[in-house]
Structures are given as structure tokens and as C-alpha cells.
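Structure first, then comments.
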Amino acid sequence: MQTTLKVNGKTERLDLDPRTTLLDALREHLHLTGTKKGCDHGQCGACTVIVEGKRINSCLTLAVMHDGDAIKTIEGLGTPGDLHPMQKAFVTHDGYQCGYCTPGQICSAVAVLDELKAGIPSHVSADLDKIAFSRDEIVERMSGNICRCGAYSNIFEAIADVAGEKA
Amino acid sequence: MPLKFDTPAGINPIDRQNVIGRPQDRLDGPLKVSGLAPYAYERHDVAPDAAYGVMVGSAIATGRIVHIDAADAEAAPGVIAVVTAANAGPLKKADSHTAKLLAGPEVEHFDQAVALVVAETFEQARDAAKLVRVDYAPGKGRFDLAKEKDGAPLSPDGFAKAASKAGDFEAGFKKAPVKIDQTYSTPDQAHAMMEPHATTARWDGDQLTLWTSNQMIAWSVRDTATTLGIDKSKVRLVSPYVGGGFGSKLWIRADALLAALGAKATGRAVKVALARPQIYNNTTHRPATIQRIRIGADKDGVIDAIGHESWSGDLPGGGAEIAAIQTRQLYGGANRMTAHYLATLDLPEGNAMRAPGEAVGLLALEIAMDELAEKVGVDPVELRIRNDVQYDPEKGPSVPFSSRKLVECLRTGAERFGWDRRNPKPGQMRDGRWLVGMGMAVAFRGAPATKSAARIIVDGKGRVTVETDMTDIGTGSYTILGQTAAEMMGVPLDHVTVNLGDSNFPASSGSGGQWGAASSTAGVYAACVAARAAIAQKAGFNADDADFVDGHVVAGNRRVKLGDAAGPDGVTVVDQIEFGDLSKKFAQATFGAHFVEVGVDVETCEVRIRRMGGAFAAGRILNPKSARSQVIGAMTMGIGAALMEELIVDTRFGYFVNHDMAEYHVPVHADVPHQDVFFVDELDDKATPLKAKGVGELGICGAGAAVANAIYNATGVRLRDYPLTLDKILEGLETA
Chain A
1 MQTTLKVNGK
11 TERLDLDPRT
21 TLLDALREHL
31 HLTGTKKGCD
41 HGQCGACTVI
51 VEGKRINSCL
61 TLAVMHDGDA
71 IKTIEGLGTP
81 GDLHPMQKAF
91 VTHDGYQCGY
101 CTPGQICSAV
111 AVLDELKAGI
121 PSHVSADLDK
131 IAFSRDEIVE
141 RMSGNICRCG
151 AYSNIFEAIA
161 DVAGEKA
Chain B
168 MPLKFDTPAG
178 INPIDRQNVI
188 GRPQDRLDGP
198 LKVSGLAPYA
208 YERHDVAPDA
218 AYGVMVGSAI
228 ATGRIVHIDA
238 ADAEAAPGVI
248 AVVTAANAGP
258 LKKADSHTAK
268 LLAGPEVEHF
278 DQAVALVVAE
288 TFEQARDAAK
298 LVRVDYAPGK
308 GRFDLAKEKD
318 GAPLSPDGFA
328 KAASKAGDFE
338 AGFKKAPVKI
348 DQTYSTPDQA
358 HAMMEPHATT
368 ARWDGDQLTL
378 WTSNQMIAWS
388 VRDTATTLGI
398 DKSKVRLVSP
408 YVGGGFGSKL
418 WIRADALLAA
428 LGAKATGRAV
438 KVALARPQIY
448 NNTTHRPATI
458 QRIRIGADKD
468 GVIDAIGHES
478 WSGDLPGGGA
488 EIAAIQTRQL
498 YGGANRMTAH
508 YLATLDLPEG
518 NAMRAPGEAV
528 GLLALEIAMD
538 ELAEKVGVDP
548 VELRIRNDVQ
558 YDPEKGPSVP
568 FSSRKLVECL
578 RTGAERFGWD
588 RRNPKPGQMR
598 DGRWLVGMGM
608 AVAFRGAPAT
618 KSAARIIVDG
628 KGRVTVETDM
638 TDIGTGSYTI
648 LGQTAAEMMG
658 VPLDHVTVNL
668 GDSNFPASSG
678 SGGQWGAASS
688 TAGVYAACVA
698 ARAAIAQKAG
708 FNADDADFVD
718 GHVVAGNRRV
728 KLGDAAGPDG
738 VTVVDQIEFG
748 DLSKKFAQAT
758 FGAHFVEVGV
768 DVETCEVRIR
778 RMGGAFAAGR
788 ILNPKSARSQ
798 VIGAMTMGIG
808 AALMEELIVD
818 TRFGYFVNHD
828 MAEYHVPVHA
838 DVPHQDVFFV
848 DELDDKATPL
858 KAKGVGELGI
868 CGAGAAVANA
878 IYNATGVRLR
888 DYPLTLDKIL
898 EGLETA
């Protein structure tokens, strides 16, 4: 099936088996392997990308369902020579170890701060009209991104740093 | 010539600590955070035409494959080959493996590989794999440890001896005025590393290259060659980035063998990743244990007799979970015994997971110590201090510890945590709906070191390159090896390039058993000593007088730029560290103390970790930033062991039921508070030339027991069977 994806600002025309997940389209067809396959079942968050401004698990959606969509992956956030502030904060706070969940954590973290700005509530929001940064808000929203190395304490500090908050 | 480490380290260039010992960002960090570090399944660069292999796992635990009908799979769109034991050619089982990596005709465990389907695309291979029809003749199996434990014999000796004793335990225990005699259990646990086992394989003539996710390159070259019946020189392994291991990737697994066989069958590069739901039964796990601990003490809590027995199970020919090993060295007492018994189970293969032995042994022992503390009315921290021993208590004062700062860890950790605010009487602290409790436990893990080699290249510009087959599984190897070379060669860290994880490089210790950091930095140290001598000689210095500082070689008034001294062709040396008998003359281990505050919901008995911290002693801390990460990560795995991690055995059909990340629970962000980690100052001159010990596993040791003891302090419910889920606490509160 012919599908057009706008990945990191670039228009990509692909001819895909309709069974191809968005994750495999990125990794196997566009060779954007920064987005990781940890479980392929929506359980770990390593495949998180930002589609039309919202974070999703790219393993749980077919590429052909995103014809025309704008997709931001870890490669589109920044490069080693020009890191996004969240990428830089993960390095500074050692918010990773093996690095395999890291792109998903970073994409999620960037989107979480946007969710707060947009006033989108979460399960732990005490007041649905006043959504503010707090440790509880962040760790609740980040809990779909598993880090088996256990860098959570540092990841929170990286996110707080970027949000301009005290960890 | 190898550098033999057989006398305590004197003053050496590492002691300057210009680069070593300082918190450094990871050298591999920018690549990892931008998604550009290539993992094993992502090698479009070296295998652009790779075909896709999908494994088919056995649907029975024991028995035989009667027939495999692959006709429909072979006829499916895009399928290039179906590999089974029947067409794979002769395969041997390497000694590292208890079960074969490819079943047939016998099946040894559930989800053991029975076939590989190779197709042009992943979608085609995945769908065709479902068309492979396997007729089985199922056998009977033994799947229940509790049932098989009675009469289980002592395990064979492995990394540790099966049993040990000193004095007369039975007599000492019998006459002790205070006795603890309890049984504890820990379940089967999964590594659940984030990157699945994955390999891209390519044959160039008779030369095989595996880009694979692996912790131990030299072992795995050996095992690949043995399994395929080819010479080691025909196998190359490349593993520069490993998405977590925790012991699951110490050995090649089915992905590596199947990728090699698939590539052979198709004449193409083939890549294989185990699907997440296959990993838990196809690969290895940490075996469940049942542990009996007996402690005999006087009225002040001073131990006279201590006995620790552990039962675990494995496939025929396998090994025991050595859960009693810390009890051999941790506390004093004249009369002692430990024993590991091994039952035969037909579950998937048991093997090493982060801190094999201590991680689950301390889950039991440190509850027993909490029980003793309560019984004699002594503070748990004070009880441990009273039972500290500065020598190996099985061997006596002639074998002292090389360094043992457990008491410092206990005191510092207690003070930082605010332990004095704990009410020793359980169930007394309340914060709204939360019952609040504090608990502590000791951390203990051995400090093994093993031979390790490296190549050092210094070019005409004074740039230093380190090459070794050492792996970085998230541990920070790139950075500490770079720091070691920078310190030794007198250059800043950004003048050093580190290349790892390739069997074309000199063989290192690899990553496992907490030996990696100590051993591989010592290997780089040895190579740097040789490089310094070669460069000094080349530039006309007396090697003994020459120093390497600020990018220069210096002796007396003479000062030559490092690059000029190395010359336009540069200098390349390979050398190796080897360890003598210091580890026999001295007991060597790492120590720490964990402190935890929990809240237990008064209605639902849900447990939340409110605070967590500890103090640790592990020799020189090479990179405090990544060392701290190792400890917080291991503490987090300790939270998992305490509260949620459990592979549930289906004892009818013999497999782990909850074989994915939705059902095998591990801690997530919301489960983990800020973690406070303090490293006690320590240099262990009998450990390595860097006076360093490993720290990758210490943090999991005891962490879960501190949680268990905190739950007891909060609720008065003493749980001895992990994980400590809310149903067990609820039942305890109701019967209290």
C-alpha cells in the first residue's frame, strides 16, 4: 500500500505491506532505528514517537493508518552535535544506562511537558483545571516507559531540569 | 608480557585522580540519546539485504518432536527457508548450555526453539512461523520445586562449593540461648532487559560474523564455534551496544545460533530477534529458592552458630542458585554451615541473574537478622555492627578482608537516612491512610577479578585509542576505560577513543558477576603501562623516570609532546592483567547498607516506597556518576524483587505463564522515589592496580530485604515468601 509519512519534517513515500507497524516502517524501511522495539506489544514504551504532537506506542499502530501524518522520532529531536535540551539533560543527569529505552523515554518526556502546558490532566491530578508540574505528575505520566536498568530517579531529575523545576 | 597483580598496589598514576574518580558524562551518551547507537538488530550498515528470521518455540515442556510439517510455511509468500534440527546439520551443545539451543527430536523445555522461518520481510516470516505444524509426543515433567525439594542432593560444585562448614553448627545452635529457625522462599525471576535477544548473522565463505547482543564476547565465540563445529578463528562477534543484560546475555542464545543457521541455509545475511513473549521460557531465568536459616545467638544478639541451606531446581546437568554464599562471610560466629541442594526440574534453564546467590540469599538472611534483632531487643543496625568480622569467618583470622567498611556504611547510611526516627515497635507510625515503617538490610557482594587484555594505540597527534572486547551493557564501561587510559597516558578524556565489543580486539573479562569494571580497567592499565614503556623508549627516555602528564612525556628537564614521542607512525601495544593469589590470601568483597521507608495503605495494603537510600563501599569509585547509576538501578531491581517480580509456574504443563512485560511486573517510574546513594571512601590496594572493585551488583543485594523489614515495621506482618504482594499483607493483618 502506498503511504506517505512526514517523518522529522521530511516527506517519505513508502510502499508497505499493510501489516507493517509504524515502528517497523521507521526501523526497517526508513532505517530510523533510534525508535526501539522492546516488546512489540505496547507494554514497554521503548517505541514511543510523537505523532501529530501526541506520543504514541508506534508498535501498536499500523503505518498505513498514518497516511499524511507528521511523525517526530528521536532522530528528529536533535543530533549528537546539536542535542535537544531533553537529550542533553539525560546525558547530564545520567538518565539512562543501556540506552535501549532511552529514545522512548526522551520522546515521552518531551511530550509530557507539552501535556502539562496544554493543561491535560492525568490520573493523579488533584484539580482537573490546574495542571502543574510535580513529581507525582511526572512519574505517573512516565510510567508507560519501562527502564529495566532502573534510571528512574535520574530521569525525573533530567525532566525537572528541562522544565525549570527543582528536582 | 602480562602484568601480574600479585602484590598490593603502590602509588601509581591512577592516584592522581585528574580524570578517574571524577563524575564524567558517558562517552556513549550523545549517541544513545539521539538514537544513533546501533544495536544488534539495527545493522543495516553491514547487512543491508538481511532476510528476517522468526523462531518457532516448543509447545510442550518435555517429550519428543514426532514430525515437523513445514510445507505450508515454505509455500507462504516470501519464505526463503525453514530451518529445523532435521536439516540444520550436526550441532553440538557447548558446556555453557544446559539445554540445547535448537530442540529435536528431544524437547527439554517449553519454548525451546524447534524451527526458524526465514522470509523476505518480518511480516511474512512472522505469519509463516504460525504455519509450521509440529507433532509432539509429550513426556512427563517435574515442575514444582516444593514437591521435588525433599531428597534433593547437594548440587555439584560450580562457581562456589556446594557446602561449607566451620566449627560445629549443630552443637552451637543447640546450646544457643536465642534461636531463629525460619524458612523463606523466593520465586523464579526474569532479567526482562529492554532489548530482546537479537542477532544479525552473515557468512563470508566459511567465516561467520554475528552482530549480537552479548555480555561475554570471548566465551560466546568459543560457544558459537563449539555449537557449529567450526574453528574459533572462523567466528567473529560484534557487540558494541547491549540493551541490558543482567546475566541473560552471558551466553549465546537461540537467536545467535538460528541466525547463523538461517544465513547458512539462505546464503543471505539473516537477522533474528526473539519476540518478547518467547524470551521468558526460551532463555534463562533466576531460579526460585526455598531457604532455611538458623541462627543461634546470645542474649545480646552476638551470633555463635549460623546455618543457611538453600534448595533450587534446574534441568538435568544444570546448577544451583547459590543463595547461601554471603552467609559464609558476612557475620561472625564460631559454628557455621551452608549447603546448596539441587532438585531436577524440567522448567526452562536456570542461570545467572544480577548477583546470582547474594541477591536472593540476602532477601532471606536479612529478614532473619531483623527477626533476631527484634527477639533480642537490639537495634537492627547495632546488631549488624555487633556481628561484624574483619576476617573470613570460615577460615579464621589468617584470612583477613582486604578491606571491609561495613560498619562505616551502616553508621553513615543510618545517619543520612534518619534511622534514629524509627520506632522499633511495629505498626506505630501513621501518615493519613498510610501505615509507615522503616527497614534496613546489609548489602554484600563478592569482588572477583579476572584476566583482561586491551590494545592501546597512541598516534602522532597524541590521541589515544583503547580497543578491547569488553562490553558496555549500560554499566559505563566506555567511560571508565577511557578515564583509565586518559589518567595513565596523561591526556584529557576527550583525547581518548574507546572501541569495545568486537572479538577482533584483545579478550577482556567481559561483563558479568560484578567483575567487569575492576578487571577491564586493570587490563587497560596494564596495556597503558606497556604503552608508556614503549613510548618512553622510542623517545629516548629512561622508562622508569618518564612521567606522562598534561599531554607530555616528562623526565627531569626534558618535556616532549606525547604525539611527538609516539612518532608519526604511532605506538601500538597489547597487554593483559593477570591476578595472582591475593584473592586467596585475603577475602574480597563489597559492602553496603540499605535503608527504606514504606507506606502501606491501611485499607488495600498497597505498598509504596517513600524513601530509599544507602551507603556503599566498593574500593575506588572510578566514575561516581555511572557508579551511582549502577547502584540506583540495582536498588530498583531490589524493589521489584521485594514487591512484584515473580514468574508463575504452570505446574501442569511446565512453563512460566506470565511471559511478557504486561504480566511479569517490574518497577516503573511511579514505583521509585529519589534514591540517595553515598560511597564511603575506600581504596582497596589488594583488589586491582586501580584499587577498585565492581559495583554493578552490590545495590540489588539486600535492597529487597530492607523493603520487607520496612513492611514489618509498618504493619507487624512478617512475610517470608517473596514477592510481598498486598494479598499476603492483608491476610497477615486479618489474622494478627
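Those protein sequences? They're chains A and B, same order as listed. Every letter in the first sequence is one number past the one before it in our numbering, and letter 20, counting from 1, is 20. If you count the second sequence from 1, you need to add 167 to reach our numbering. Glycine is no exception: its CB is placed at the ideal position from the N, C-alpha and C atoms.
Simplified DSSP state of A/HIS41, which is helix, strand or coil: Correct three-state label for A/HIS41: coil.
DSSP beta-bridge partners for A/VAL49? When beta bridges are read from the DSSP output, A/VAL49 appears opposite A/ILE56.
Which residues, taken in chain order from the region 659–683 of chain B, show a beta carbon closer than 7 angstroms to some beta carbon of chain A? Those residues of the region 659–683 of chain B that come within reach of chain A (Cβ to Cβ, closer than 7 angstroms) do not exist; the list is empty.
In chain order, what residues of the region 148–162 of chain A put their CB closer than 9 angstroms to some CB of chain B? Here the close residues are ARG148, CYS149, GLY150, ALA151, TYR152, SER153, ASN154, ILE155, PHE156, GLU157.
Of the residues B/LYS628, B/THR376, B/SER352, B/CYS868, the one placed nearest B/ASP165, counting alpha carbons only: Any answer about residue 165 of chain B is impossible in this case: the structure gives chain B only from 168 up to 903.
Looking only at its chain, what residues have a beta carbon closer than 8 angstroms to the beta carbon of A/SER108, apart from the 5 residues adjacent to it on each side? For A/SER108, same chain residues with a beta-carbon under 8 angstroms away, outside a window of 5 residues either side, are GLY45, THR48, ARG55, ARG141, MET142, GLY144, ASN145 in chain order.
For B/LEU602, which of helix, strand or coil comes out of DSSP? Looking at B/LEU602 - three-state DSSP - the assignment turns out to be strand.
In this structure, does DSSP put A/ARG19 in helix, strand or coil? Three-state result, A/ARG19: coil.
Taking 8 angstroms as the CB-CB limit, is B/PHE289 close to chain A? For B/PHE289, the answer is yes, since a Cβ of chain A falls inside 8 angstroms of its Cβ.
Pull out every residue of the region 835–854 of chain B whose Cβ sits closer than 7 angstroms to any Cβ of chain A, in chain order. Per Cβ criterion, the list reads VAL835, HIS836, ALA837, VAL839, HIS841, GLN842.
Residues from the region 88–107 of chain A in contact with chain B, defined by Cβ distance under 7 angstroms: Per Cβ criterion, the list reads PHE90, VAL91, THR92, ASP94, TYR96, GLN97, CYS98, GLY99, TYR100, CYS101, THR102, PRO103, ILE106.
Please state if the CB of B/LEU312 and the CB of B/ILE534 are separated by a distance shorter than 8 angstroms. Taking 8 angstroms as the cut-off, the Cβ atoms of B/ILE534 and B/LEU312 do not count as close.
Around the Cβ of B/GLY585, are there at least 16 other Cβ atoms within 10 angstroms (buried) or fewer (exposed)? Its Cβ having fewer than 16 others within 10 Å, B/GLY585 is exposed.
Would you mind reading off the limits of the beta strand (DSSP E) that contains B/ALA510? Counting along the chain, the beta strand (DSSP E) containing B/ALA510 begins and ends at 502–511.
Can you check DSSP and say which residues form a bridge with B/TRP478? In the DSSP secondary-structure assignment, B/TRP478 is bridged to B/ILE457, B/TYR508.
Would you mind working out which of B/ASP731, B/GLY883, B/VAL603 sits nearest B/VAL763, comparing C-alpha positions? When each option's Cα is compared against that of B/VAL763, the closest is B/VAL603.
For B/ARG193, the nearest candidate out of A/GLN87, A/LYS130, A/ASP114 (CA to CA): Comparing Cα positions, the closest option is A/GLN87.
Is the separation between the beta-carbon of B/PRO593 and that of B/GLY883 shorter than 8 angstroms? Closer than 8 angstroms, so yes.
Taking a contact to mean a Cβ-Cβ separation below 8 angstroms, would you say B/ARG369 touches B/THR379 in this structure? No; because the gap between Cβ atoms is not below 8 angstroms, this pair is not in contact.
From which residue to which residue does the beta strand (DSSP E) around B/THR379 run? Residues 374–379.
C-alpha gap between B/VAL740 and B/ARG630, whole angstroms: Distance from the CA of B/VAL740 to the CA of B/ARG630, rounded to the nearest whole angstrom, comes to 14 angstroms.
Using a Cβ cut-off of 7 angstroms, pull out every chain B residue sitting near A/THR79, in sequence order please. The answer, in chain order, is SER201.
Mind checking if A/GLN43 is an interface residue toward chain B, Cβ cutoff 8 angstroms exclusive? Put simply, the CB of A/GLN43 is near chain B, with a gap under 8 angstroms to one of its CB atoms.
Would you say A/GLY34 reaches chain E, if we count a Cβ-Cβ gap shorter than 8 angstroms as a contact? The structure shown contains no chain E; the protein chains it does contain are A and B.
Three-state secondary structure assigned by DSSP to B/GLU273: In this structure, B/GLU273 counts as strand in the three-state DSSP scheme.
Three-state secondary structure (DSSP) of B/GLY781: Here B/GLY781 sits in strand by DSSP.
Counting C-beta neighbours from all protein chains within 10 Å, is the total for B/GLN681 16 or more, i.e. buried, or is it exposed? Per the 10 Å Cβ criterion, buried.
Assigned secondary structure, B/ARG795 (DSSP; H/G/I helix, E/B strand, else coil): Under the three-state reduction of DSSP, B/ARG795 is assigned to helix.
Can you tell me where the alpha helix (DSSP H) holding B/GLU315 begins and where it ends? Taken as a continuous stretch (DSSP letters only), the alpha helix (DSSP H) holding B/GLU315 covers 312–315.
If I'm right that B/PRO654 touches B/ARG183 with Cβ under 8 angstroms, what's the distance once you round it to whole angstroms? The displayed chain sequence assigns Glu, not Pro, to residue 654 of chain B. About 7 angstroms separates the Cβ atoms of B/GLU654 and B/ARG183, confirming a contact at the 8 angstroms cut-off.
Is the shortest distance between the beta-carbon of B/ASP827 and the beta-carbons of chain A less than 8 angstroms? So, interface residue.
Helix or strand or just coil, what does DSSP make of B/MET168? Of the three classes helix, strand and coil, the one that applies to B/MET168 here is coil, per DSSP.
As a quick exercise: from B/ALA487, B/LYS342, B/PHE753, B/ARG403, pick the residue whose alpha carbon is nearest that of B/THR265. Comparing Cα-Cα distances from B/THR265 to each of B/ALA487, B/LYS342, B/PHE753, B/ARG403, the minimum goes to B/ALA487.
Flag A/SER143 as yes if its beta-carbon sits less than 8 angstroms from any beta-carbon of chain B, otherwise no. Answer yes: the Cβ-Cβ gap between A/SER143 and chain B drops below 8 angstroms somewhere.
Quick check on the DSSP output: the alpha helix (DSSP H) that includes B/PHE336 runs from which residue to which? Segment 336–342, the alpha helix (DSSP H) holding B/PHE336.
Spatial distance of B/ALA204 from B/LEU198 (CA atoms): Roughly 5 angstroms separates the two Cα atoms.
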